[in-house]
Every structure is written in structure tokens, then in C-alpha cells.
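Trainee: In mature numbering (1 follows the signal peptide of the UniProt record, and there is no 0), the protein residues as written are -20 to -1, 1 to 251.
For every residue, glycine included, the Cβ atom is placed at its ideal position computed from N, Cα and C.
I'd like to ask you about the structure that follows.
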Amino acid sequence: MKMNLLSMCIFCLFVCFAHSSSERCTMGRLDGKVIVLSAAAQGIGRAAAIAFAKEGARVTATDINGEKLKELDGIQGIKTKVVDVTKRDQVEALAKEHDHVDVLFNVAGFVHHGSILDCEEADWDFTMDVNIRSMYLMCKAFLPKMLAKKSGNIINMSSVASSIKGVVNRCVYSTSKAAVIGLTKSIAADFIEQGIRCNCVCPGTVDTPSLRGRIQAQPDPEQAYKDFMARQKTGRMCTAEEVAHLCVYLASDESAYVTGTEQIIDGGWRL
């Protein structure tokens, strides 16, 4: 009798555990969503790819840096592909590989240091190519797939250094990021009635490998780091993971009524 009672208790515990585990497996905020993103090898793109996958999305993570991108291989829910998003043929080939896409996250970007007098024509062209033309190519390639099912969500990476705030030595970068805001609002307005949402994320200073590299490239890296920290009103930089959390919200149905917005995450830097 005691043995039967013990067996029943164990069975009940097993059923409860299996049920709760099943619930946990189906509670992802992005369950079943297909997401394509660029610049996923490091920084914000990498953090976002991992966060999306953890919430149940099927993620295609792209980057021009194949070696770094390999670090995402083996993570459940993520497949990687080397793509240069400034090349039309590669972007169009990527789009053809997907029957449909729920979320497109355009992350690729480049930071040029200097005023307009420090910006050569080649610097201007390269920055615009990476920061805004790549988004044009990606949106144009994937938007028809979203329109076909009257549902889609585009997230573009902008910056507080844009039309939001003037920042010293960020001339062409800020100009390109202001253009991202314009592109975002235009897409949101043009396709809102066809079920398309489009928002942009505007971070302040984010502690990423890219930032660390730019600091080390300065004549006095220690002073450059101090200068970056001096403008952080919260006393610290933003993390890539914090930006990724915001991106999960924008990618999810929780933000279904949000479109055409600049989502600022800057620790109050703009104030």
C-alpha cells in the first residue's frame, strides 16, 4: 500500500513537471517568428540574435565577418549566413531563401569620427553605404514578402546621435542615423494600412567591441575612455544586452500598437 502511494506521488510529480516544462517551452515571447538580422557577429546584433532565439524565434543571423559569426553556430534557433548587406545581389539572394519573414532587424553600421572638415568624400560614401543604403536594400528585398501576407515588422538601428541630438565629431555618422529615422517613419506611414510596423532603436553609448576598438585607436585611449564616461549621466554605459531587451519587445506582439517611433535608450544622455 505504501509502495503504491509512493508510486502515485512520484507519477503526479512527473506529470506536474512535464506539464510545467511544456508550458515553459511554449511561453517564448517570439515563438514561431522568423527573424532576419544583420551585423550579428558581435555587439548589439549578436546580443539580439541570442535574445530572439531564447524567446523562441527562428533566427537567420548575418554578418560580413564569417569567423566571428561562427561563434553563434550551435545555438538553438539560430542559423548563420555570411552576407554583405551593402551588396544588392547578396541581399536579394538572402531574401529568396525565405518564404516569409516576420521581423527584419537592420543593425549594420559604421562610426566615422570627425567633423565635416575631417570627412572625405570616400568617408561620406562608405558611411552612407553601410548605415542607410544597406537598410534600403534590405527593406526593399524583404518588404514584398511581408506585404504578401499583410503582416510584418521592421526594426532599424539608429542612434541618439542623429536628428535627436547633435554630437561633436559625429558629422556623417549622425547624418546617416538621422536618415534612418526618416526612412523608418516613411515606411511606417506608407504601409501601416497593409499591416506593416516599422520602428527604430536609438541608443546612446553602448559598450561593444566596436566602441572598445574605436577607443583604442585614439592617440590617448585612456583619455578617450574617460571622455566617453564623462557624458554618461547614469555613471555607466549601456550594454548590448539592454538594447537587445528593447528589441525583443519591438519584435514581439507586445508592441503591436507601436509604429513609426524612435525608441530611445540612452540613460538620459540627450537630456
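1) Could you please give the first and the last residue of the uninterrupted alpha helix (DSSP H) stretch that includes Phe90?
2) Could you tell me the alpha carbon to alpha carbon distance between residue 257 and Leu74, rounded to whole angstroms?
3) Who are the Cβ neighbours of Val140 in its own chain at under 7 Å, not counting the five residues just before and after it?
4) Please list, in chain order, all residues of the same chain as Ser138 whose beta carbon is under 6 Å from its beta carbon, the five residues on each side excluded.
5) How about Arg68: is its Cβ closer than 6 Å to a heavy atom in the ligand COA?
6) So the candidates are Ala168, Ala19 and Gln198; which of them puts its Cα closest to the Cα of Tyr237?
7) Cα-Cα, which of Gly94, Thr241, Ala102 and Phe122 is closest to Gln70?
8) Since Ala41 and Ile58 are thought to touch, with beta carbons under 8 Å apart, how far apart are those beta carbons, to the nearest angstrom?
9) Is Glu3 helix, strand or coil by DSSP?
10) With burial defined as no fewer than 16 other Cβ atoms inside 10 Å of the residue's Cβ, what is the status of Met115: buried or exposed?
11) Judging by CA-CA distance, which residue of Lys145, Asp82 and Ala197 is the nearest neighbour of Arg177?
12) Which whole-angstrom value describes the C-beta separation of Ala220 and Ala29, a residue pair presumed to lie in contact below a C-beta threshold of 8 Å?
13) Would you identify the three-state DSSP class for residue 255, choosing helix, strand or coil?
14) Just curious, the alpha helix (DSSP H) that Gln196 is in, first and last residue?
15) Can you tell which of Asp105, Asn86, His80 and His225 has its C-alpha closest to the C-alpha of His92?
16) Rank Asp79, His78, Asn133 and Val148 by C-alpha distance to the C-alpha of Arg211 and give the top, closest one.
17) Out of Val39, Met118, Leu97 and Gln22, state which residue places its alpha-carbon closest to the alpha-carbon of Val65.
18) Since Gln56 and Ala33 should fall inside the 8 Å C-beta cutoff, what is the C-beta to C-beta distance between them, to a whole number of angstroms?
19) Here's the rule: buried if 16 or more other CB atoms are within 10 angstroms of the residue's CB, otherwise exposed. What is Ala197?
20) Within its chain, find whatever has a CB closer than 6 Å to the CB of Lys165; leave out the 5 residues flanking it on each side and keep chain order.
21) Hey, quick one: how far does the alpha helix (DSSP H) through Ala31 stretch, first residue to last?
22) If you measure between the beta carbons of Glu35 and Gly8, is that distance less than 7 Å?
23) If distances are taken between C-alpha atoms only, which option among Phe90, Asp79, Val62 and Arg150 comes closest to Gly193?
Mentor: Walking through what the data contain:
1) Residue 90 sits at position 110 when you count from the first residue of the sequence shown. Looking at the DSSP string, Phe90 is not in any alpha helix (DSSP H), and its letter there is neither H nor E.
2) The requested residue 257 is not part of the displayed model; the chain covers only -20 to 251.
3) For the purposes of this step, residue 140 is taken as the residue at position 160 of the sequence shown. The residues are Cys182, Pro183, Gly184, Ile244, Asp246, Trp249 and Arg250.
4) Position 158 of the sequence shown, counted from the first residue, corresponds to residue 138. Excluding residues up to 5 positions away in sequence, Lys157, Val160, Ile161, Cys180 and Cys182 lie with their Cβ nearer than 6 Å to the Cβ of Ser138 in the same chain.
5) Questions concerning the ligand COA fall outside what the structure shown contains, since it holds no ligand whatsoever.
6) Start at 1 with the first residue of the sequence shown, and residue 237 comes out as number 257. Of Ala168, Ala19 and Gln198, the residue nearest in Cα terms is Ala168.
7) In the sequence shown, the residue the question calls residue 70 occupies position 90. The shortest Cα separation from Gln70 among Gly94, Thr241, Ala102 and Phe122 belongs to Phe122.
8) As a first step, residue 41 is located in the sequence shown; it is residue number 61 there, counting from the start. As a first step, residue 58 is located in the sequence shown; it is residue number 78 there, counting from the start. Your pair Ala41 and Ile58 checks out as a contact, with CB atoms roughly 5 Å apart and the cut at 8 Å.
9) In the sequence shown, the residue the question calls residue 3 occupies position 23. Bear in mind that the predicted position of Glu3 carries a pLDDT of just 44, short of 50, making it too unreliable to give a figure here.
10) In the sequence shown, counting from the first residue as 1, residue 115 sits at position 135. Answer is buried; the Cβ neighbour count reaches 16.
11) The count along the sequence shown starts at 1 and reaches residue 177 at position 197. The shortest Cα separation from Arg177 among Lys145, Asp82 and Ala197 belongs to Asp82.
12) Against the sequence shown, residue 220 aligns to sequence position 240. Against the sequence shown, residue 29 aligns to sequence position 49. That pair is no contact at about 11 Å.
13) Since the first residue of the chain shown is -20 and the last is 251, residue 255 is not available in this structure.
14) For the purposes of this step, residue 196 is taken as the residue at position 216 of the sequence shown. Residues Pro189 to Gln196.
15) In the sequence shown, the residue the question calls residue 92 occupies position 112. Of the candidates Asp105, Asn86, His80 and His225, the one whose C-alpha sits nearest the C-alpha of His92 is Asp105.
16) Within the sequence shown, the letter at position 231 stands for residue 211. Comparing Cα positions, the closest option is Val148.
17) To locate residue 65, count along the sequence shown from 1; it is residue 85. When only C-alpha atoms are compared, the closest one is Met118.
18) On the sequence shown, residue 56 is found 76 positions in, with the first residue counted as 1. On the sequence shown, residue 33 is found 53 positions in, with the first residue counted as 1. At roughly 6 Å, the Cβ-Cβ gap stays under 8 Å, so Gln56 and Ala33 are in contact.
19) By one-based count along the sequence shown, residue 197 stands at place 217. Looking at its Cβ environment, which holds fewer than 16 other Cβ atoms inside 10 Å, Ala197 is exposed.
20) In the sequence shown, the residue the question calls residue 165 occupies position 185. Excluding positions up to five away in sequence, the list reads Gly240.
21) Here residue 31 refers to the residue found at position 51 when the sequence shown is read from its first residue. Where Ala31 is concerned, the enclosing alpha helix (DSSP H) stretches over Gly23 to Lys34.
22) Here residue 35 corresponds to residue number 55 of the sequence shown, with the count starting at 1. Here residue 8 corresponds to residue number 28 of the sequence shown, with the count starting at 1. Their beta carbons are under 7 Å apart, which means Glu35 touches Gly8 by this criterion.
23) Residue numbering aside, residue 193 sits at position 213 when the sequence shown is read from its first letter. Nearest option by C-alpha distance: Phe90.
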